[in-house]
Amino acid sequence: MYILAFETTGKYGSTALIDDGGNFCVHKSYDNFNHLKDLTLLADTCIKDMGIKKEDLSAIAVSVGPGSFTGIRIGVTTARAIAQVLKLPCIEIGTLESFKELEINEMICPIINARRGQVYGAIYKGEEEVLKAGPYMLTEILDILKEKKPENVIFYGDGIDAYEEIISENMNEVGLKFKFTEEEVRHQSAELVAKAALKKYVNGDLIRVYDVHPDYMRKPEAQQKLDEGKL
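Note that my numbering has the sequence shown beginning at 440, numbered continuously upward.
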């Protein structure tokens, strides 16, 4: 059994291939938002590295969001196209939920920049969902962390790039121990998507290709402005 997984919701695209024993390979692109050009090449490389053929694939998994609207569309469209051609089922993985596959016992807080002081975020401790994945003001998430007073909290996601100073100020203000993950490992990864997909596959949580849909979690900025009468 082999699952091909795609992650395109952030600035770096990646593809992973995992088997039923949890063995996997992953390839990433470090060209910013170059998903459309790199994605199928990364997939082909994974398939070759695992020594299999496309016909050996059992399912296609994709990170459906939240994140970059364009990136989400590219990932979902690519996954659906491959699944349709190969007549395979699909597995949807929430971008933020995939961070639970890090299997870290300390509290983690993945945050994705949604601009204007907003983030897509969540708080997890192991399998425990301290804060459900969703769109929040950054201050809402920081207030919850202050209330929970964890021994340590580890931040992931590109929200760090945008809000590092604000987060640091808030955490230091109340003496909370925290850590920003290094640039190389802080972003979304197809490896995590593949690991989450394997669990869903084992549980029979598969969907048809036409049931795979993006999860933007909020309206595009242009639509928001239109609704507010600002366009």
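All C-beta atoms in this analysis are idealised placements derived from N, C-alpha and C, irrespective of residue type, glycine included.
Since we're looking at a predicted model, the values are computed, not measured.
Bridge partners - residue i, DSSP secondary structure assignment
{"i": "residue 548", "result": "594"}
{"i": "residue 441", "result": "458"}
{"i": "residue 607", "result": "Paired residues: none, contrary to the question."}
{"i": "residue 570", "result": "562"}
{"i": "residue 617", "result": "592"}
{"i": "residue 529", "result": "499 and 646"}
{"i": "residue 554", "result": "557"}
{"i": "residue 446", "result": "453"}
Limits of the unbroken beta strand (DSSP E) element including residue i
{"i": "residue 640", "result": "Unbroken run through residue 640 is the alpha helix (DSSP H), 629-641; no beta strand (DSSP E)."}
{"i": "residue 580", "result": "Counting along the chain, residue 580 falls outside any beta strand (DSSP E), though it belongs to the alpha helix (DSSP H) covering 577-587."}
Residue i - DSSP class collapsed to helix/strand/coil
{"i": "residue 656", "result": "coil"}
{"i": "residue 563", "result": "strand"}
{"i": "residue 661", "result": "The predicted model places residue 661 with a pLDDT of 49, which falls under 50 and marks its position as unreliable; any figure quoted below should be read in that light. Three-state result, residue 661: helix."}
{"i": "residue 542", "result": "coil"}
{"i": "residue 470", "result": "coil"}
{"i": "residue 651", "result": "coil"}
{"i": "residue 491", "result": "coil"}
Range covered by the alpha helix (DSSP H) that runs through residue i
{"i": "residue 515", "result": "508-525"}
{"i": "residue 624", "result": "622-625"}
{"i": "residue 467", "result": "Residue 467 -> not in any alpha helix (DSSP H); beta strand (DSSP E) instead, spanning 463-467."}
{"i": "residue 479", "result": "474-488"}
8 angstroms contact criterion, which residue i and residue j should meet: CB distance rounded
{"i": "residue 445", "j": "residue 629", "result": "6 angstroms"}
{"i": "residue 569", "j": "residue 546", "result": "7 angstroms"}
{"i": "residue 529", "j": "residue 641", "result": "No, residue 529 and residue 641 are not in contact; Cβ-Cβ is about 16 angstroms, not under 8 angstroms."}
{"i": "residue 543", "j": "residue 598", "result": "With 8 angstroms as the limit, residue 543 and residue 598 do not qualify as a contact, their Cβ atoms being about 18 angstroms apart."}
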